[in-house]
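In numbering that gives the first Met the number 0, the protein residues as written are 0 to 60.
C-beta: ideal position from N, C-alpha, C; glycine also.
Taking it in order: structure first as structure tokens, then the write-up.
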Amino acid sequence: MGPSMMIDTAVIPCGGLGTRLHPITRWLPKEMLPVGLKPVLYWALDEAADAGLLRVIIITN
Numbered sequence: 000m001g002p003s004m005m006i007d008t009a010v011i012p013c014g015g016l017g018t019r020l021h022p023i024t025r026w027l028p029k030e031m032l033p034v035g036l037k038p039v040l041y042w043a044l045d046e047a048a049d050a051g052l053l054r055v056i057i058i059t060n
């Protein structure tokens, strides 16, 4: 077997208009909608940090 490769980067897609979540997303992007007490994007970033990832790339439109 070859050398193992460690994943050190997460890519989080944060694009789109969130039309399926209207009217909730009319004034607030879906990535910022709260789940529990924190926005959806926070949960993804927190998981990336817990996994020891060194970089996070957030893709927007």
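| Check | Outcome |
| --- | --- |
| Where Ala9 falls: helix, strand or coil (DSSP) | strand |
| Contact under 8 Å by Cβ, Gly15 with Ile58 | no |
| Residue of Leu52, Arg25, Gly35 minimising C-alpha distance to Met4 | Leu52 |
| 6 Å CB neighbourhood of Val39 in its chain, flanking five on each side removed | Glu30, Leu32 |
| Cα-Cα separation between Val34 and Tyr41, rounded to whole angstroms | 9 Å |
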